[in-house]
Structure formats: C-alpha cells, structure tokens
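Visitor: Have a look at the structure that comes next, please.
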Amino acid sequence: MAQLTNNFSDWLNQRVDTESSFAFSEAVRSPSLSKLAGGIFPTRKDEEWRYTPLGPVLDSSPGKDSASELDIDFISNLKQAVPTGHTIIFINGDYSEKYSDDPLSLDDTGLSITHLTQLKGPALKMAEDIIVHSNLTDDNIFQHISLGLSQAGLFIHVEKNAASKTPIHIIHISTAHSATSFTNPVNVVRLENNSHLKIVEQYASPGDSAVITVPANYIQLEDGAGLEYYRIGIENAETQHVCNTSVKVGASASFTSHQYLLGSNLTRSNLEVSFSGPGAEAVLRGVYLGDDNQHLDVRTYLDHAHPHCSSDQHFRGILNGHSRGVFNGLVLVREHAQKTDAQQSNKNLLLSRDARVDAKPQLEIFADDVKCAHGATVGELDSDALFYLQSRGIDKKDARLMLTRAFAAEVTQEIGIESLQTYVKGKIATSLDEIVSPRV
Amino acid sequence: MLSIKNLQVSVDEKPILKGLNLEVKAGEIHAIMGPNGSGKSTLAHVLSGREGYRVDAGSAHYKGLDLLEMAPEIRAREGMFLAFQYPIEIPGVNNTSFLKKALNEVRKHRGEEELDAIDFLSLIKKQMNLVEMKEDLLKRPVNQGFSGGEKKRNEILQMAVLNPTLAILDETDSGLDIDALRIVAGGVNKLRTPENAFVIITHYQRLLDYIVPDFVHVLSDGQIIKSGTKELAYELEERGYDWLLEDSEKV
Ligand SMILES: Nc1ncnc2c1ncn2[C@@H]1O[C@H](COP(=O)(O)OP(=O)(O)OP(=O)(O)O)[C@@H](O)[C@H]1O
Ligand SMILES: [Mg+2]
C-alpha cells in the first residue's frame, strides 16, 4: 500500500541534492535513492504496520538549526552506563570529538573502528558487502533512508580469534532548538571467525527537542564468533525512532541482543536474525516500558535456515496510561532445519485500564524434528503476590512497585555488563516510581 | 489481645465462617484443628486482611482495634503475622531485600530507627541459625524454587525477624520432616513471651508435642464446635472428628 505524498518524503528527497559526504558508494546509494524517489511509505493497511501509525514521522519535515548546548551532566550520566567502555558520541549525527574517548586510547588487538565516511577501497567494499547481503528486504523503506542518505556511522571490525576486552559504547544524542532534528546512523559490524565483542548503543534526546531517528545496523557474525549487543532508548516524548537491525549468525556463532525501550513517543524496532550455518545460537531479550501516549513496537524475525540452531526470545512489556505496546515475533523453521530449538516468550503487564498491547508471536515450522514453543500473556499484577507483600507490612503502592520492578528484572538481570545492568534497572525504577500508583 | 465475636464470612455468596467466636490473651498458645474445608485458612486470611472475603456479621478486635477496618499492611505493622499454608513464589523479588523492607516498615511504624544493611544482616544471620536455614536461600527470589520445607522455614524466618505480637501459623507443620518440625517448633518456643500469642492451625497432634498449647479448638463447618486443653488433641488423634460432629448435631 502506498502513501505517496508526505512532508517527510519530500524533505528526504530534497536532501539528496542539498547534502554531501554520504557514507556509501553510488552503487549502493542509487537503488535506494530511486526507492526513496518513489516515496512509498507503508500505511496501516500493510500487515507489518497494522498496529503502528507512522503519522508522527511522515508529517514532519525536519529542519536544521544549531544544536542546543548540551549539559555536561547529561552526557556523563549516559557514560555511566558503561564506564569501562570505549565511548563514541554522536550529536545530531555528527561525531563529537569533544565528548568521545580518544580513538588512540583504544588498544584492543584485532579490533578496528572506522567512520563510514572515511572508508575506502577494500574496507568500504567489505562493509557494503555485508549490507547488500543483509536480511532486510527491498520493500523496507527505512533501510533505504540509511543507505541512500546516511552521513554518519561506524564500521566495527574484529579480526579472527580476537576477543575484545573493551565494550564499544556508542551514544547518539539528538537535540535541537526549534526545528525537528533528524539522524540516520548506520553501524556495520563484522566479527570474523571465533572473535568476540560487546556493543552498547544508547539513544537519548534531552529536554523537549523534536527528534526523528532512523538507525540501521548490519551485523555479520562469522563461524564461532560471539556478539553481545545492547540497545537502550531513553529518548524524550517528542522522539520518533524507527530502527532496523539485520544479523547473520554463522556456524556455531552466538548472538545475544538486549533492547530496552524506555522512552520516545514512537519506537519501532525491527530485528531480523538469520542463521547462516549449523549450531548457531541467538538469545533475544527486551523490555518496553510505556506511559502516557507512547507507542512501542518490537518486531523480531528469526530465520532458522540451518539445522542444530537454537533461538531463545524473551520480551516483556509494562504499559501504563494510554500507552500501547506491540510485540510481533515470527520464527521461521525451514524444512531442512532439523533439531531446531526455538523458544519465544512475551509477557505484558498492563498497569492502567487504557493501556493496551498487541502480542503476536508466530511460529512457522516446516521441519519435523524440532523443539519449538511460544507464548504470550497479557495481565495485571498477581493479587496473591501483592497480598503476600502487604501481609508483611509493605504498603500497596510499594508492593506494586516491587512487583513491577521484579517483572522487568526477570529480563534485566541477564544483562552481561554489571554497570549497564545497574543503569538500566535504575532507569526502569525511576520511571516506575513516577507511574506506579496504588489502585483501589 | 484477639477477640472474635460471631464472625460470619462468605466467599462468592457461599457462607464459609458461620458465627465463629475466639478469645486469645497475651502469653497464650491456641491450636485450631478441624477437617479439610472447615474454614481454618479462611479465618487466617480474613484476620490478615486478604481481599475476596465478605464479612456478613460479627467482629474481630486486635489490641482493641477494629481489625476488619485495617489495611493488611497496617495489621502487619501492628504486630500481626500470618505464616501461610501455601507460601507463594515471587520471582524477581530478592528474599533479603524483601525482608529488610518489611522489617523497616514495621520498625518505622513502631517509631524505631530503620536498620541499615549491616545491622540487618547481623540480625538475619542470628535468626537464620534459629531456623537452620541455608544462607543461599536469602540470595534467591522469595520462595522461588524453594522446596516445600524450605518455604515453611522461610515463613518462620520472617516471623522471627518481624517478631510479631500475634502470629497465626497455618499448617506450618504440614510437609515438614521430623527434624524441620523440631526446628520450627523450637523457633516458636524461643519467640514465645508473656506478651505475645500464637494461633496454630494444624492437622497433627505431633506438632503439639513440641509446642504445647494452652487451648485446642475444633473448627467444623465454619464454627468452633469444641474447645479444650491439649488432651483434646490426643483424643482427636485417636478418634477422628466423627464423634464430635455427631455430638454437635445432637446439641
Ligand atoms: N476463594 C474461594 N472461592 C471459593 N471457595 C473458597 C474460596 N476460598 C475458600 N473457599 C472454600 O471455603 C471452604 C473453606 O476453605 P479453607 O481453605 O478455609 O479450609 P481449611 O479449613 O483451611 O482446609 P484445609 O484443612 O484443607 O486447609 C472450602 O470449601 C473452600 O473450597
Ligand atoms: Mg487451610
């Protein structure tokens, strides 16, 4: 279905001529630009967008004004999430030399980080190969924005057998005075055979800056590699965030992903994982926490294209006010993918009468010797547990708070970086403090 | 301390307690026995303020306060404690921080200073020895994956930490092996003072060898049909409830 004219699309197409220093080569850009020229954005008549209105994105036409001065405390608070990490900060899509760690300080054998705009020759080819062979389909218009117009992003490359000790901590801050700010960062990640890395990506927008963020991530894990990948969104209520991530997981490789959607007005996060060899594993975790009129949409697609692979998904939603959550998870087990183990669980907690969630776990199985299970629940706090806590002297509000935090902690306790676990739990606790009220 | 008069309670329009009377004074231990489904747990739940029960008539006063008007957490802070027949598991809530929070709520209410982490830990270590509980159970979520016996010990640990004025133990002995039974009973006996009281719901006279009650009551079909001393428990062990039911029908 087509939505042919909209402010956003017009604005994007103007950008083709007014901007320069795009990240990718003409060969990659031009098919994407012609897609953008077509201006075809999905509507709610498209099955994949049934629950999520794109209005807040398509109605806006971002402008350019000088970034408002950033509070240093705001930045150091974000850095706290991973004090031991190598921090790379982008402000409105521009690399911030001032706030980022000195690239020369990164002393990790086998790990290299390059700005996409500085990629040349074989390295550019390597990055673009990963993009061209990604899982994202051609009709995914948002990836064309990234490929056609992106001016910022990183190529992160780990050579074979290298185990990076430093987590890479990428922080995207969007801020503006009056106009809507727009960023479309792209990360390309390649882990060669048996290499290991942790990446933490944080998205933040202070104050009430209006922001549109359209990130794309292309990840390739080669045989035996291991990546832990964390995304944390704590943007303000004027932020629209549409993200696509494609991950290819090679034989015996392991991909662990955590997503925490703790802010924004609208977030749509699409994560597509495919196994490109046997014996691989994917662990997907996430929490979406909504209040007021927030709309948080998590989509996962898991392609079991090889035998002996396992996937384990666990997503939890907490929704208050008039907020709305969407979980849409499709697991595809192809005919020859015998001995697949695919688990998917989605649990939702509604804290108010007007909050709502659409949970749609889907399994499509074409192999016969597999172990697959999926389930989704939507409910309120357990009244027996509430009573148990109250019967020990804890008042109703605190009891609700404890149980709601505990609900999220079932996922957050698996965060494999201690400081980040503390940080995310703290963010969730602070939000819950504000929204959990005693209910009669 | 506890005075229940003509208490009538129903659940979903179904009468469960049908005019129950009970007086408990400081320093006393009362045992309540009775057939399955007679209303023992219902009584314990109503006294501790669980939702879902309708009080149709009667009253319950605790330390002169109108118990039925109080929120469950206020009852707890005023010194009431219920050891649950079926303690539930609470995933994600750490056992230690839960207990610390509970104790500090109770202390605040009593006008006592809150305990910091260090003081709390030394207190809890002492009480854990009392119930001979393994330390790693404290680090786990409340009751999660605990064995039946471990759950019951955790209830007694909570009781020992909160040091209640009136403790109601709902079949804490069920499912305990003989060693655990002795430990639980030992805990109760150590906590016993002239100022506090216990109501012990049980099916087995065995427990009453370790915790000697001052009174034994038989609850049947929502009413206390007989009260006596500990000798009554022996008689029930031997003869069952039938003779009592027949007796009460004759009356
Ligand atoms: N929430 C409820 N809904 C419907 N019936 C209930 C509810 N709670 C209790 N009852 C009924 O009330 C009666 C008394 O139950 P209660 O649990 O108080 O018995 P009890 O004396 O503790 O039994 P037991 O010795 O088996 O523990 C039973 O018939 C039970 O089915
Ligand atoms: Mg019972």
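For the record, the sequence lines run as chains G and H.
So in numbering that gives the first Met the number 0, spot 437 of the first sequence is number 436, and the numbers just go up one at a time.
So in numbering that gives the first Met the number 0, spot 144 of the second sequence is number 143, and the numbers just go up one at a time.
Virtual Cβ for every residue (Gly too), placed ideally from N, Cα, C.
Among residues of its own chain, excluding the 5 on either side of leucine 32 (chain G), which ones have a beta-carbon nearer than 7 Å to its beta-carbon?
Guide: Start at 1 with the first residue of the first sequence, and residue 32 (chain G) comes out as number 33. Closer than 7 Å at the Cβ level, and outside the excluded window around leucine 32 (chain G), lie Val15 and Gly147.
Visitor: So is alanine 166 (chain H) in contact with chain G if we call contact Cβ pairs under 8 Å?
Guide: Translated into the one-based positions of the second sequence, residue 166 (chain H) becomes position 167. No, no contact with chain G.
Visitor: Sort H:Arg238, H:Pro86 and H:Lys125 by Cα distance to leucine 190 (chain H) and report the nearest one.
Guide: Start at 1 with the first residue of the second sequence, and residue 190 (chain H) comes out as number 191. It is H:Lys125.
Visitor: Kindly indicate which residue of H:Glu234, H:Ala179 and H:Phe197 has the alpha-carbon position closest to the one of glutamine 204 (chain H).
Guide: Stepping through the second sequence from its first residue, residue 204 (chain H) is reached at position 205. Closest option to glutamine 204 (chain H), Cα to Cα, is H:Glu234.
Visitor: Beta-carbon within less than 7 Å of threonine 108 (chain G)'s beta-carbon, same chain only, minus the 5 sequence neighbours each way: which residues are those?
Guide: The residue you call residue 108 (chain G) lines up with position 109 of the first sequence. Once the five neighbours on either side are set aside, the close Cβ partners of threonine 108 (chain G) are Ala161.
Visitor: To test your reading of the DSSP string, which unbroken beta strand (DSSP E) runs of 3 or more residues are found completely within the region 40–123 of chain G?
Guide: 85–90 and 110–114
Visitor: Which residues of chain H have a Cβ atom closer than 8 Å to the Cβ of glutamate 409 (chain G), listed in chain order?
Guide: The residue you call residue 409 (chain G) lines up with position 410 of the first sequence. Correct list: Pro90 and Gly91.
Visitor: Measuring CB atoms only, is the region 272–280 of chain G touching the region 412–423 of chain G, in the sense that at least three cross pairs come out at less than 8 Å?
Guide: Short answer: they don't touch.
Visitor: What residue does the alpha helix (DSSP H) around glycine 37 (chain G) start on, and which one ends it?
Guide: One-based indexing of the first sequence puts residue 37 (chain G) at position 38. Looking at the DSSP string, the run of the alpha helix (DSSP H) that includes glycine 37 (chain G) is 25–37.
Visitor: Just checking: is the beta-carbon of isoleucine 123 (chain H) within a distance shorter than 8 Å of some beta-carbon in chain G?
Guide: Counted from its first residue, the second sequence places residue 123 (chain H) at position 124. Taking Cβ atoms only, chain G never reaches closer than 8 Å to isoleucine 123 (chain H), which makes this a no.
Visitor: Using a Cβ-Cβ cut-off of less than 7 Å, list which residues of the region 342–363 of chain G approach chain H; keep chain order.
Guide: none
Visitor: Could you pull the DSSP bridge partners for lysine 338 (chain G) from this structure?
Guide: Residue 338 (chain G) sits at position 339 when you count from the first residue of the first sequence. In DSSP, lysine 338 (chain G) forms no bridge with anything.
Visitor: Use the C-beta contact count for tyrosine 85 (chain H): other C-beta atoms within 10 angstroms, 16 or more gives buried, fewer gives exposed.
Guide: The residue given as residue 85 (chain H) occupies position 86 in the second sequence. The residue is exposed, with fewer than 16 neighbouring Cβ atoms inside 10 Å.
Visitor: Shortest alpha-carbon distance to isoleucine 39 (chain G) belongs to which of G:Pro61, G:Glu18 and G:Asn6?
Guide: Translated into positions along the first sequence, residue 39 (chain G) becomes position 40. The shortest C-alpha separation from isoleucine 39 (chain G) is found at G:Asn6.
Visitor: So for proline 166 (chain G), helix, strand or coil by DSSP?
Guide: Within the first sequence, residue 166 (chain G) is the residue found at index 167, counting from 1. Residue state, collapsed to three classes: coil.
Visitor: So what does DSSP say about leucine 175 (chain H), is it helix, strand or coil?
Guide: One-based indexing of the second sequence puts residue 175 (chain H) at position 176. Coil at leucine 175 (chain H), not helix or strand.
Visitor: Threonine 411 (chain G) lies in the alpha helix (DSSP H); which residues open and close that run?
Guide: The sequence position of residue 411 (chain G) within the first sequence is 412, counting from 1. Here the alpha helix (DSSP H) through threonine 411 (chain G) covers 395–411.
Visitor: Just the chain G side, please: which residues come within less than 9 Å of lysine 100 (chain H) by C-beta, in chain order?
Guide: In the second sequence, the residue the question calls residue 100 (chain H) occupies position 101. Per Cβ cutoff of 9 Å: Leu388, Arg391, Gly392, Ile393, Asp397 and Met401.
Visitor: Figure out for me which residue from H:Glu194, H:Leu180 and H:Arg139 has the closest Cα to the Cα of leucine 165 (chain H).
Guide: Looking up residue 165 (chain H) in the second sequence gives position 166. Comparing Cα-Cα distances from leucine 165 (chain H) to each of H:Glu194, H:Leu180 and H:Arg139, the minimum goes to H:Glu194.
Visitor: Could you check if lysine 396 (chain G) is buried or exposed, using at least 16 other CB atoms within 10 Å of its CB as the buried criterion?
Guide: Here residue 396 (chain G) refers to the residue found at position 397 when the first sequence is read from its first residue. Result: exposed.
Visitor: Would you give the residue range spanned by the beta strand (DSSP E) that proline 14 (chain H) belongs to?
Guide: In the second sequence, the residue the question calls residue 14 (chain H) occupies position 15. 13–23 is the span of the beta strand (DSSP E), which, as asked, contains proline 14 (chain H).
Visitor: So does serine 40 (chain H) have its beta carbon nearer than 7 Å to some heavy atom of ligand 2?
Guide: Looking up residue 40 (chain H) in the second sequence gives position 41. Yes, ligand 2 has a heavy atom inside 7 Å of this Cβ.
Visitor: Which residues of the region 37–64 of chain H have a Cβ closer than 9 Å to any Cβ of chain G? Give them in chain order.
Guide: His44, Ser47, Gly48, Arg49, Glu50 and Gly51
Visitor: Of the choices G:Leu295, G:His321 and G:Tyr287, whose alpha-carbon is the least far from that of arginine 315 (chain G)?
Guide: The residue you call residue 315 (chain G) lines up with position 316 of the first sequence. When each option's Cα is compared against that of arginine 315 (chain G), the closest is G:Tyr287.
Visitor: If we cut at 8 Å on Cβ distances, does phenylalanine 326 (chain G) have a partner in chain H?
Guide: On the first sequence, residue 326 (chain G) is found 327 positions in, with the first residue counted as 1. Phenylalanine 326 (chain G) does not count as touching chain H.
Visitor: Tell me whether valine 356 (chain G) sits in a helix, a strand or coil according to DSSP, three-state version.
Guide: What you label residue 356 (chain G) is simply residue 357 of the first sequence in a count that begins at 1. It is a strand residue.
Visitor: Quick check: the region 290–306 of chain G against the region 339–348 of chain G, are there 3 or more CB pairs under 8 Å?
Guide: yes
Visitor: Under 6 Å Cβ to Cβ from aspartate 9 (chain G), same chain only, skipping five residues before and after it: list those, please.
Guide: Within the first sequence, residue 9 (chain G) is the residue found at index 10, counting from 1. The beta carbon of aspartate 9 (chain G) is closer than 6 Å to none in its chain, skipping five residues each way along the sequence.
Visitor: If you draw a straight line from the alpha carbon of alanine 407 (chain G) to that of phenylalanine 214 (chain H), how long is it in whole angstroms?
Guide: Counting from 1 along the first sequence, the entry for residue 407 (chain G) is found at position 408. Counting from 1 along the second sequence, the entry for residue 214 (chain H) is found at position 215. Each residue's Cα considered, the two are about 47 Å apart.
Visitor: Counting only beta-carbon separations shorter than 8 Å, does aspartate 311 (chain G) have a partner in chain H?
Guide: Here residue 311 (chain G) refers to the residue found at position 312 when the first sequence is read from its first residue. Not closer than 8 Å to any Cβ of chain H, the Cβ of aspartate 311 (chain G) fails to qualify, so no.
Visitor: When DSSP labels each residue in this structure, what does methionine 127 (chain H) get in the three-state scheme?
Guide: Locating residue 127 (chain H) in the second sequence gives position 128, where the first residue counts as 1. Looking at methionine 127 (chain H) - three-state DSSP - the assignment turns out to be helix.
Visitor: Relative to ligand 2, is the shortest distance from any of its heavy atoms to the C-beta of aspartate 383 (chain G) smaller than 7 Å?
Guide: Taking the first residue of the first sequence as position 1, residue 383 (chain G) is located at position 384. Aspartate 383 (chain G) Cβ: outside cutoff for every heavy atom of ligand 2.
Visitor: Counting Cβ pairs closer than 8 Å, one from the region 165–173 of chain G and one from the region 38–57 of chain G, do we hit at least three?
Guide: The region 165–173 of chain G vs the region 38–57 of chain G: no contact.
Visitor: Between H:Glu111, H:Ser146, H:Asp169 and H:Gln143, which lies nearest to leucine 161 (chain H) when the distance is taken from Cα to Cα?
Guide: As a first step, residue 161 (chain H) is located in the second sequence; it is residue number 162 there, counting from the start. Residue H:Glu111 is the option with its Cα nearest to leucine 161 (chain H).
Visitor: How about alanine 384 (chain G) and isoleucine 89 (chain H): do their beta carbons lie closer than 8 Å?
Guide: Position 385 of the first sequence, counted from the first residue, corresponds to residue 384 (chain G). Position 90 of the second sequence, counted from the first residue, corresponds to residue 89 (chain H). Judged by their CB atoms, alanine 384 (chain G) and isoleucine 89 (chain H) are nearer to each other than the 8 Å cut-off.
Visitor: So does the region 187–200 of chain G actually touch the region 135–142 of chain G, counting three or more Cβ pairs closer than 8 Å?
Guide: no
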